[in-house]
Every structure is written in structure tokens, then in C-alpha cells.
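Chains as they are written, first to last, in this note's numbering: chain A, -16 to 164; chain B, -16 to 164.
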């Protein structure tokens, strides 16, 4: 299996900061058809599962524009421009969004967020023995409340849709696998 | 926690068929700031994990524009416009993309694809005792090859990045949980 499309034209439809939305007009290399594909370009993302010594997950509640609802997610964010090391971004985002820190961050894996339409990956980390060390440090556009959830309630919250973000669920299932829950 | 933003203006940046990309200029209700948020609007999606009686998963290989690579995914697709029943879409997409069918489709759950920037959900199904019943029925823009993967090789393929799509990984972890693997 290979790429059967030749890009004839790329149009930048939208750009804001590090996000671009592009449309590519393509011709098939075997069949006499052309088609437009779009893609979103981002930097890579990180998701962190902070677990306290009391076996609780430190989660974040925030309003999300995509679904016009408040969600319950694990902390996460985007790498800075030019930043190569996702673990550094994970430590920063964990501290900024929650005020928690951990002596070590354990890699749980990575995934391509949506290969059909997006170019980026999300890196997943477990932050064991996470401790509250200082206040949150949020951007002016962010409103984030913390919610501390016992590990043994995670499955129920997923099953009932109270945890619904696909990347958060993936992070939590990876963490459960790692912790052999 | 509630919504602290008031939408002042919505701009349709891009629309093609059932996909829209919108930008919303918003004002914060508590602080004197305004900010533009964008969102992608899709119909809902389905992902299916077809498992044969030989304990193999029927997967699809296809070129994906977002990451400019060929991926190994579970079959899936989008609901038709006006279609309310995801299980019907799951049966159709399974049959069209793979030529396989199953007497029953078992719900594994659903997830919001990306609440920050997208409005839609993905519904996950297990198709047990999946059988090849006819040839694929692909759109003119689709080139999809089948790859049949033993269930006990799934973890290795995820760990080594050969299976990388976040929604495919989520579908497979849900299936493993259901099958108690």
C-alpha cells in the first residue's frame, strides 16, 4: 500500500499562531480523478495522568468549545515551538494546570491524534506520587478547576460518559494497563 | 465550573459537504478579554473491531493525508446525514471497507473525539465471529487493503507504533477489556 495521490495545489485557508488549516487539491496517480483533502497542522501534544500516593487521579475541569460543555480531563497541553522534548512539556503543563509535580514522569506511549486530518501526535505520561507544590499558573484565557478522582472510580466515570475526551480515556487506559489495574 | 465566554461573532471559514470550520470571536464574562476560538464540525463517527473465529482482527491499511503516511487502523467511517443510529453506520462501514459482516455488533462505548476543537463523537463496536461475505465496496477516492492481525499481536503493534491512530488504539483497548485479554 502506498500513496496514490499527487498534490497539485496547497491552499492555506486559516492560520493562527501555531495552528494551520490547509486544503490540498490532489490528482490520483492511477485513476482519472481529483479530490480536495484538508488538514490541520498543530505542534505535538502531551497528556499526563498524575496519581497521588492515595491512589487518586488529579483531573481538570474546563469549558470546551468543540462540544460546548465542561469536560473532566487529565491535564495536558501543547509543546512549545521548537521544543523537542515532550517530557519537559509534560512537566510544565502538569505544574501550570494543576500545581502538582512528580519526581519522575513515566512514558505510557504515544499516538497520532487523527492521521486522517491532523499531523500531530500526543505523548502520554504517568506522574506517580504526584504532590501539590504550588498554585496553578494559567493563561488569561484559561479557567481550570481541579477534581481529584479515586483510581477505582475511573471506569465508572468513563462508562457513564462523565469522562468523554478520547485522548483522556486513552491516557487513563494506558495508565491502568501500566499499573495493572 | 461553567462557560465563561460569550460568543460575539461566528465566522464560517470553510465548508465542504458535511464538514465546517468555524471561528468564534468571544468575550470573557468575568475578565476584560476577548479571544478567537475555532472549531471543526463533523457528523459522528464509528470504529469497529472485527474479530474472526480464529481470534484475528480484520484491519485496514490506507494512506492518510494528516500524517502523510500509510496507517494500520480498524475499519470505520462517518454516519450519513440524518442517520441517528450509529450501529447501522457501523455495519455499513464494516461491510464496505472490509467485505466482512457479523451477526451482532456489541457496543464498546463512545468518546468525544476532541472536545477542545471538534463537536463530534466516535462510537466503538466489537464485531465478533466476523466473516468475509463479499468484496469491498469503496468510494472512488478510497484505496484500502486488508490486513488480518492475530489478537495477541495487537499490544506489540501498538507499542512499536505500527498501530498509531488514537481512535483505533482506543477501540482495540476497549475490545481487549471487553474480551478480558
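Each residue gets a CB set at the ideal place from its N, CA and C atoms; glycine is no exception.
Worksheet item: Hey, quick one: how far does the alpha helix (DSSP H) through residue 160 of chain B stretch, first residue to last?
Response: Counting along the chain, residue 160 of chain B sits inside the alpha helix (DSSP H) bounded by residues 149 to 161.
When the Cβ atoms of the stretch 53 to 66 of chain A are set against those of the stretch 102 to 112 of chain B, are three or more pairs found closer than 8 Å? Too few Cβ pairs lie closer than 8 Å, so no.
- Query: If we count Cβ pairs, one from each stretch, closer than 8 Å, do we get three or more for the stretch 127 to 139 of chain A versus the stretch 35 to 44 of chain A?
  - Reply: Segment contact: the stretch 127 to 139 of chain A against the stretch 35 to 44 of chain A, three or more CB-CB distances shorter than 8 Å; contact assigned.
Review point. Can you pull the DSSP bridge partners for residue 89 of chain B?
Key: Its beta-bridge partners are B/109.
field: Residue interval of the beta strand (DSSP E) (run including residue 133 of chain B)
entry: First-last of the beta strand (DSSP E) with residue 133 of chain B: 128 to 133.
Buried/exposed call for residue 117 of chain A, threshold 16 Cβ in 10 Å
Exposed: under 16 other Cβ atoms inside 10 Å.
Going along chain A in order, which residues have a C-beta closer than 8 Å to the C-beta of residue 67 of chain B? The premise fails here: residue 67 of chain B is roughly 18 Å from chain A at the closest Cβ pair, so nothing lies under 8 Å.
- Task: Count the other C-beta atoms from every protein chain shown that fall within 10 angstroms of the C-beta of residue 14 of chain B, then say buried if there are 16 or more, exposed otherwise.
- Result: exposed
Are any of the Cβ atoms in chain A nearer than 7 Å to that of residue 54 of chain B?
It does: the Cβ of residue 54 of chain B has a partner Cβ on chain A nearer than 7 Å.
- Message: With a threshold of 7 Å between beta carbons, is residue 10 of chain A in contact with chain B?
- Response: no
> What residues from chain A crowd round residue 61 of chain B, counting only those whose CB sits closer than 7 Å?
Replying inline: For residue 61 of chain B, there are no C-beta contacts with chain A under 7 Å, since the nearest C-beta of that chain is about 10 Å from it.
Skipping 5 residues on each side, what residues in its chain have a beta carbon closer than 7 Å to that of residue 20 of chain A? The answer, listed in chain order, is 7, 9.
On the DSSP letters alone, give me the boundaries of the alpha helix (DSSP H) that residue -1 of chain B sits inside.
Per DSSP, residue -1 of chain B belongs to no alpha helix (DSSP H); it is in the beta strand (DSSP E), -12 to -1.
key: Whole runs of the alpha helix (DSSP H) within the stretch -3 to 63 of chain A, excluding any shorter than 4 residues   = none
Check: Based on the DSSP secondary-structure assignment, which residues constitute the bridge partners of residue 123 of chain B?
Finding: Note: residue 123 of chain B sits in no beta bridge, so no partner.
In chain A, what lies closer than 7 Å to residue 3 of chain B by C-beta? Neighbours of residue 3 of chain B on chain A: none; closest Cβ ~11 Å, over 7 Å.
* In chain A, what lies closer than 7 Å to residue 49 of chain B by C-beta? -> In chain order: 22, 97, 98, 99, 100, 101, 102.
Roughly how many angstroms lie between the CA atoms of residue 52 of chain B and residue 12 of chain B, to the nearest whole one? 43 Å
How about residue 25 of chain B: is its C-beta nearer than 7 Å to some C-beta of chain A? no
Over what stretch of residues does the alpha helix (DSSP H) that includes residue 69 of chain B continue unbroken? Residue range 69 to 81 is occupied by the alpha helix (DSSP H) that includes residue 69 of chain B.
Run of the alpha helix (DSSP H) containing residue 138 of chain A, from where it starts to where it stops: Element bounds for residue 138 of chain A: 137 to 142.
Under the DSSP definition of a beta bridge, which residues are partnered with residue 114 of chain B?
Beta bridge pairing from DSSP links residue 114 of chain B with B/84.
Query raised in the report: Roughly how many whole angstroms lie between the Cα atoms of residue 47 of chain A and residue 77 of chain B?
Result: 31 Å
Notebook entry, point to check: Counting pairs of beta carbons, one from the stretch 88 to 104 of chain A and one from the stretch 140 to 153 of chain B, are three or more of them closer than 8 Å?
Noted result: yes
Q: Keeping to the same chain, check which residues put their C-beta closer than 7 Å to that of residue -13 of chain A; ignore five residues upstream and five downstream.
A: 11, 12, 13
Tell me which same chain residues have a C-beta within less than 6 Å of the C-beta of residue 73 of chain A, skipping the five on either side of it?
29, 31, 88, 108
*Can you grab the Cα-Cα spacing for the pair residue 84 of chain B / residue 75 of chain B, in whole Å?*
9 Å
**Item:** Closest residue to residue 4 of chain A among B/121, B/23, B/16, B/106 (Cα-Cα distance)
**Value:** B/23
ask   = By the criterion of Cβ-Cβ separation under 8 Å, what are the contact partners of residue 137 of chain B in chain A?
value = Those do not exist, as residue 137 of chain B stays about 12 Å from chain A at its closest Cβ, beyond 8 Å.
State the beta-bridge partners of residue 94 of chain B as determined by DSSP. B/105
Taking a cut of 9 Å between CB atoms, which residues from the stretch 115 to 127 of chain A lie near chain B?
Taken in chain order, the members of the stretch 115 to 127 of chain A whose beta-carbon sits within less than 9 Å of a beta-carbon on chain B are 123, 124, 126, 127.
Using a beta-carbon distance cut-off of less than 7 Å, what residues from the stretch 144 to 162 of chain B approach chain A? 147, 148, 149, 150, 152, 153, 156
> Which residues in the same chain as residue 16 of chain A place their Cβ atom closer than 8 Å to its Cβ, once the five residues preceding and following it in sequence are excluded?
Replying inline: 10
Does residue 72 of chain B have its Cβ less than 7 Å from a Cβ in chain A? no
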